[in-house]
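A quick write-up on the structure given underneath.
Numbering (this note's numbering), first residue to last: 8 to 953.
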């Protein structure tokens with residue numbers, strides 16, 4: 008056994024912001040503390056990295072296996088991802104789904120993911136459950152059960168995941184299939200990680216057992232433990248649970264890498280798919296591996312081209328010409344290779360050739376003209392600031408380290424990469440642009456709606472003509488398959504250790520002389536801060552025939568203020584490593600500022616002008632109108648967003664909460680500049696606003712920041728405007744189908760009206776909601792996904808609003824099973840009204856709710872969001888301390904009583920999908936169902952045109 012201790016970097020990584028329009032003086036350097044960890048290797052080859060943080064309220068355990076999509080056997084694309092699902096489910100000592108149960112009952116969260124180079128499994132739990140989590144990982148590594156029931160269930164679930172992620176979204180096929188298949192030619196990365204329905208269907212249980220035996224072993228695994236734990240105790244537990252796990256005698260299969268043929272001439276791919284509301288274009292170039300010396304320069308190039316609203320592609324294609332709704336360049340680097348991808352979505356009424364010409368002009372410019380010193384510095388500082396934010400939590404640091412290990416085999420890579428970023432020069436950027444953005448190696452893509460497909464063009468016109476490599480075949484398993492032990496013979500999970508008391512951040516507040524409330528909570532020692540400004544009113548204050556005014560006002564505030572134009576605001580903030588944004592929900596308008604503390608003074612000056620002196624220039628109003636109209640076109644071709652809009656209108660009708668907060672195509676087209684100015688003047692006032700400051704700033708410094716920033720904001724003489732009841736009367740329940748031809752999945756949503764967030768009844772109903780549909784142990788997930796494999800996920804939420812929200816269930820499924828899923832969802836609406844719930848079940852769900860709440864308080868943004876919610880809903884700030892007790896006070900009796908408010912007979916039900924595939928079955932169960940074509944929906948009408 009070997010052991011080393013590493014503290015990377017002799018000093019803190021620092022970068023100084025460049026001069027910019029609104030920066031009066033150069034700020035202090037932004038510092039990024041280096042990653043700190045200890046490493047040891049067990050005799051069986053298991054690498055263990057530990058990152059103790061005694062200030063953390065949780066511990067994160069991650070296992071990274073050196074197997075991913077590139078290791079999928081021949082004819083089995085998507086298999087590593089499928090096996091990720093399988094391994095998470097059952098062991099000789101843990102029945103199906105018990106791992107998730109253990110984690111959620113501990114108040115933790117868990118998940119897993121698969122990339123081309125890795126598969127990882129991870130949990131974040133209270134510190135006393137560290138041993139339990141280590142034991143579950145040892146179970147999965149050494150004693151998994153891969154039986155037919157698990158295999159069939161998880162394959163069905165993965166197919167629904169593919170439908171939800173790829174077939175249902177308008178651009179899912181573009182990203183996963185068209186770009187994915189054409190990014191590499193004769194490469195180990197040629198195939199999609201998620202695979203295809205056909206190859207998933209061809210897989211067998213013998214394939215799964217062979218795959219585990221071939222790739223899952225201590226010598227291919229890396230464990231990272233980060234958070235609140237004792238190092239000596241961790242070492243003991245790792246030795247206890249992993250030290251005796253043997254590696255299989257057979258070596259890991261090795262795929263002889265093909266030698267790719269360099270691309271020497273450009274190629275055009277014409278592709279088509281259903282429900283594509285706006286065309287898209289893309290360009291792909293060969294890139295570099297993650298550890299390549301040019302990776303840092305390519306990251307800086309990517310930042311200059313597409314990071315933030317001052318980037319070249321955004322300014323040229325989205326802002327100035329308005330040819331595209333978005334435009335990006337990304338340099339994707341993996342362990343063995345990489346690719347560079349540009350993409351843009353063509354704006355309504357614009358032409359594909361014009362967008363391609365604009366993209367090409369920017370490519371020529373980056374190749375032929377040196378970038379400016381300001382562009383170079385801005386890209387660097389944005390990268391550094393982003394890394395700083397990622398390192399705020401123990402789990403964030405664990406994932407940074409894990410990704411470096413699997414992609415570069417070097418734990419020092421994250422800090423070394425930041426140093427390399429700082430060393431990049433303008434000449435480096437131009438050099439890599441010329442070298443890698445090679446037009447002779449380019450693959451150009453056009454992606455259009457199916458209706459544009461010329462006759463005779465096949466459905467797979469997007470496929471790469473280069474030969475696909477023949478991948479390795481995994482040898483059959485030779486070990487006997489494991490089986491779940493009889494209940495009396497199973498090893499019990501380790502009991503939790505002693506709990507470590509969590510300390511809620513200290514919250515202090517003052518009111519400025521202008522009436523603005525200021526709330527401060529220091530949440531980290533990192534040199535970052537978040538400031539949120541919460542303004543009463545929100546979308547509920549929109550005029551009845553103008554939904555979207557509040558949202559447009561918030562959006563436009565950052566598009567010109569205090570003598571700065573929108574591009575100047577963007578470049579100034581990005582040069583500071585800061586970000587600013589705004590939006591409106593049903594009850595409030597919110598503006599946010601995130602900045603390194605070193606840049607707070609300059610960023611705060613811009614923020615003050617955005618709040619007090621927005622320009623609302625006529626040309627910016629038109630840009631916002633166009634951008635929103637394009638976004639609505641995309642959303643209205645997706646089952647999930649359409650279902651959400653329709654459900655909200657059914658539940659709230661003509662009340663203020665019923666109107667879409669983002670507006671409708673008609674309202675967005677009708678809103679005037681004068682209406683926006685009037686909304687700002689009426690609602691944006693200091694005595695109707697609260698500033699919440701979280702992060703690493705000391706309280707007195709934070710109060711001083713608030714005074715300097717908005718202390719001079721004058722309070723109007725008139726009274727604060729008031730709103731009446733925003734929720735309105737409860738409309739009659741309905742079952743509505745929105746027919747969306749070509750939909751890759753059906754979205755199923757159902758809801759009943761819920762209480763005000765400030766009502767005492769919100770807490771027992773929160774427990775009802777958790778039992779019904781929160782997490783992987785919720786009834787919805789268990790019945791729809793785990794037991795039947797009908798969806799990738801099925802959940803419920805209890806929406807918080809000032810005057811009453813919704814308890815809503817949502818899921819997506821293949822069109823053919825939509826009617827069955829509706830029945831399953833509605834059954835859960837009635838189940839808790841009559842079914843007894845045990846004390847333990849209530850306790851377990853309370854732990855899950857409180858665990859999520861506590862994890863939220865660990866981040867600067869999460870703590871700020873919780874305090875913002877308290878302000879929005881009229882709650883005392885002490886809610887961050889009292890919330891857990893309010894949840895834990897519930898009993899089976901209070902849960903049963905609260906469940907009486909949830910009934911299928913009072914539910915609003917919406918199904919959006921290809922109606923012909925499920926309407927007969929749905930109508931048999933619900934004869935009063937109403938069907939409306941998606942094109943005939945009237946979102947401006949309280950009746951939706953039904």
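Every residue, glycine too, gets a C-beta built ideally from N, C-alpha and C.
Keep in mind the model is a prediction, meaning the values are calculated, not measured.
Asked, Found
"Selection from 898, 801 and 766 that minimises the alpha carbon distance to residue 877", "766"
"Local conformation of residue 44 per DSSP, three classes", "strand"
"Own chain, CB closer than 8 Å to residue 934, minus 5 neighbours either side, in chain order", "none"
"Exposure label - residue 679; buried when at least 16 CB within 10 Å", "exposed"
"Where residue 945 falls: helix, strand or coil (DSSP)", "coil"
"Same chain, Cβ closer than 7 Å to residue 866, five either side skipped, listed in chain order", "399 and 400"
"Cα-Cα separation between residue 635 and residue 675, rounded to whole angstroms", "7 Å"
"DSSP-derived helix/strand/coil call for residue 595", "strand"
"Residue range of the beta strand (DSSP E) that includes residue 694", "Run containing residue 694: none; DSSP gives neither H nor E here."
"Same chain only: Cβ atoms within 7 Å of residue 709, ignoring 5 sequence neighbours per side", "527 and 700"
"Distance, residue 586 Cα to residue 428 Cα", "20 Å"
"Residue 313, enclosing beta strand (DSSP E) - first and last residue", "Counting along the chain, residue 313 falls outside any beta strand (DSSP E), though it belongs to the alpha helix (DSSP H) covering 302-313."
"Beta carbon of residue 615 nearer than 8 Å to that of residue 747", "no"
"Proximity of residue 537 and residue 868 at Cβ, strictly below 8 Å", "yes"
"Pair within 8 Å by beta-carbon distance, residue 85 and residue 220", "no"
"Local conformation of residue 335 per DSSP, three classes", "strand"
"Beta-carbon proximity list for residue 250, same chain, < 8 Å, skipping 5 on both sides", "49, 50 and 51"
"Beta-ladder partner(s) of residue 171, from DSSP", "Answer by DSSP bridge pairing: none, since residue 171 is not bridged."
"Closest residue to residue 686 among 662, 602, 543 and 719 (Cα-Cα distance)", "543"
"Residues of its chain near residue 870, where Cβ-Cβ distance is below 7 Å and the 5 sequence neighbours each way are ignored", "512, 528, 530, 701 and 864"
"Classification of residue 834 by the beta-carbon crowding that lies within 10 angstroms, buried from 16 upward", "exposed"
"Inter-stretch contact (C-beta, 8 Å, three-pair minimum) for the region 275-294 and the region 346-355", "yes"
"Beta-carbon proximity check, residue 106 vs residue 143, cutoff 8 Å", "yes"
"Cα-Cα separation, residue 193 to residue 797", "36 Å"
"8 Å contact criterion, which residue 314 and residue 389 should meet: CB distance rounded", "5 Å"
"C-alpha distance - residue 190 paired with residue 860, whole-angstrom precision", "41 Å"
"The region 586-597 touching the region 553-560, judged by at least three CB pairs closer than 8 Å", "yes"
"When 646, 704, 268 and 462 are compared against residue 534, the one with the closest alpha-carbon", "704"
"Neighbourhood of residue 328 by C-beta, 7 Å cutoff - its chain only, sequence neighbours within 5 removed", "365"
"Buried or exposed by the 16-neighbour rule on C-beta atoms within 10 Å, applied to residue 921", "buried"
"Nonlocal neighbours in the same chain, by C-beta distance under 7 Å from residue 81, ignoring five residues either side", "477, 478, 479 and 480"
"Among 697, 79 and 597, nearest to residue 123 - alpha-carbon criterion", "79"
"C-beta atoms of residue 115 and residue 858 nearer than 8 Å", "yes"
"C-beta atoms of residue 292 and residue 443 nearer than 8 Å", "yes"
"Residue from 645, 733 and 845 with nearest C-alpha to residue 755", "645"
"Alpha carbon of residue 952 to alpha carbon of residue 745, nearest angstrom", "12 Å"
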